[in-house]
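The structure appears below as structure tokens.
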Amino acid sequence: MSQPMPQTSTTQLSRRNFKVGVINGAFWLLARALTDPDTVLPAFAVALMGDNPIYVGLLVSLVSAGWFWPPLLMTTTMATRRDRHVYYKVSAIIRLLSVVGLWAAARYLAPERPALAFVAVSVSYLAFTSGGGIGLIPFMSVVTDSITASRRGRFFAMRFFFGGLMAFGAGFWIRWLLSEDSGLAFPANYAYLFLVAAIVAAVSLVAWWVAWEPAHKIETRALPLRIQLLRGLRRLRRLPVFRRLVGTRLMMSASYGLVVPFLIPYAYENLGMVEAMVGVALASRVLCYSMFNILWSRVSSRYGNRMLLITSGVLHLLAILMALMTPLLPPVQTGQLLGLEFSLPLIVLMIIFGALGAADSGQQTGQSAYLLEYAPERTRPVYLATYYLLALPVSFMPLATALLIGQAGRYSLVFGLGLLAAAINVVLYTRLVRLDGDEATEAPSS
């Protein structure tokens, strides 16, 4: 059963959920940083299975796919449910067990049976993100119906701010943990990392577990998923703006899958990066991801979500362009940072991770906000189901990218394709309309 809401005022409910929600979000951002799919995960895959990019591609693809399939089912299930918080609790249990599974695989399987450990880690990560997908709609339902619109911006900003600070500090701890200074060799260092992640995740999940569930507006009946998808595909054919928005999601995911998961393996092979630098890359990424949310919220409020998408999309494109240019930079040593020797290309790589983190937060925020603003409330599940269905296949782009890279190390090829996808994405962003007043009338009301 969900946490029963005592007889209390709406103000008390809002304040309580605001507080536990900030704690939940801050610690969840920290837990996710400790298991980050852009830095920690590729480094672990290389350490476990060697430098064949297929393992990185497969693992990251499974991580990405886990987020997309649950919302397809949850949009229908949630429409008629008064008790939604119980689904968050189910997702919390799944995610906590998944992180414990990561620790167990690194602790007990990796030393002697790396192939089996890789399978266990893959299943754990897939369950981890699938659990997140299950809990997403119940979480947002409780937030939307208990925290007023005027306080939601501050609510999410505080989650990102405190979580970002902790995740930034965690990056330097990971730098120490993966270095010789820690005294822990592989896989004991990663096992310790995943154990800490499990403890942090438990704090986060328990915080929102005790949230009070408000009354929800429910539908008398829900359309079957098949009907929703058929209606969504008809809207996709009829509505150019919806078609472009879905196109931007596909190009954004394709560009990510072609570049981001393979920056760590690329730097290992071509830039002389050592494993301890993964922590510095993570610190750069999560700090910019969190802190740029303040800038993105102002851009969204003042200029609209279309401009937010264009700005963050251009930043993503420039980051990939910088990655393509790193082989042209002279490998001059720039000095020590945190006991690590950094060359000019490696310094630029840390900047690239920061730019990608900032761009990622802007595009994710802008995509979600634009879709929710564009889709009429009554038929919103139709738009959401179509959006997630078409995005699901592209989540396996990292696997296709790994095949393109191959043993020949064709990183320039895939980064170039990623740059092309990012450029197409920006063009599609510019062709979206700003959703204010009459410009939002293309979406039908029913």
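Just so we're on the same page, this note's numbering is the position in the sequence shown counted from 1, plus 6.
All residues carry an ideal CB built from backbone N, CA and C; glycine is no exception.
Query                                                                                                                                                                     : Result
Quick one, which of GLY360, SER349, LEU103 has its alpha-carbon nearest VAL206's?                                                                                         : LEU103
What whole-angstrom Cβ distance do GLY310 and PHE161 have, given they're in contact under 8 Å?                                                                            : Not confirmed; about 21 Å, so no contact.
Would a C-beta distance cut-off of 8 Å place LEU277 and THR332 closer than the cut-off?                                                                                   : yes
For the putative contact between TYR295 and GLY363, defined by C-beta atoms under 8 Å, what is the C-beta separation to the nearest angstrom?                             : 4 Å
For the alpha helix (DSSP H) containing GLU275, name the first residue and the last one.                                                                                  : 269–276
Which residues mark the beginning and the end of the beta strand (DSSP E) in which GLY415 is found?                                                                       : GLY415 -> no beta strand (DSSP E), and no H or E assigned at all.
Locate the alpha helix (DSSP H) running through PHE359, then write down its first and last residues.                                                                      : 350–380
From the DSSP output, in three-state form, read off SER451 for me.                                                                                                        : In this prediction, SER451 scores a pLDDT of 37, lower than 50, which makes its location untrustworthy; no coordinate-derived value is stated.
For LEU288, which residues from the same chain have a beta carbon less than 7 Å from its beta carbon, with the 5 sequence-adjacent residues on both sides left out?       : ALA39, ASP42, THR45, VAL46, GLY177, ILE180
Do ASN299 and SER210 come within 8 Å of each other at the CB atom, strictly closer than that value?                                                                       : no
Three or more C-beta pairs closer than 8 Å, one from the region 69–77 and one from the region 235–247: is that the case here?                                             : no
Measuring straight from C-alpha to C-alpha, what distance separates LEU405 and GLU281?                                                                                    : 23 Å
Across the region 316–328 and the region 404–420, are there enough close Cβ pairs to call them in contact, namely three or more that are closer than 8 Å?                 : no
For VAL433, which residues from the same chain have a beta carbon less than 8 Å from its beta carbon, with the 5 sequence-adjacent residues on both sides left out?       : none
Jot down the residue ranges of each uninterrupted alpha helix (DSSP H) in the region 192–264, minimum 4 residues, whole runs only, in chain order.                        : 194–215, 231–244
Tell me whether the beta-carbon of GLY63 lies closer than 8 Å to the beta-carbon of PRO267.                                                                               : yes
Measuring alpha carbon to alpha carbon, tell me which residue in ARG237, SER259, VAL129, MET313 is nearest TRP109.                                                        : VAL129
By how many angstroms is the C-alpha of VAL354 removed from the C-alpha of THR135?                                                                                        : 30 Å
Using a Cβ-Cβ cut-off of 7 Å (strictly less than) and excluding sequence neighbours within five positions of ARG113, which residues of its own chain qualify?             : ALA197
Excluding the five sequence neighbours on either side, which residues of its own chain have a C-beta within less than 8 Å of the C-beta of VAL149, listed in chain order? : ASN23, GLY27, ARG158, PHE161
Note down the Cα distance separating HIS322 from MET356, rounded to an integer number of angstroms.                                                                       : 14 Å
Please give me, in chain order, every unbroken run of the alpha helix (DSSP H) with length at least 4 that falls completely inside the region 111–189.                    : 120–152, 155–183
With a cut-off of 8 Å on the beta carbons, I'd call ILE29 and ALA173 a contact; round off their distance for me.                                                          : Not confirmed; about 15 Å, so no contact.
Just verifying my parser: in three-state terms, what is the DSSP assignment at THR17?                                                                                     : helix
Below 7 Å CB to CB, which residues in the same chain sit around MET297 once its five sequence neighbours on both sides are set aside?                                     : GLY170
Between the Cα of ALA32 and those of ASN58, PHE167, ALA126, spot the shortest distance and give me the residue it belongs to.                                             : PHE167
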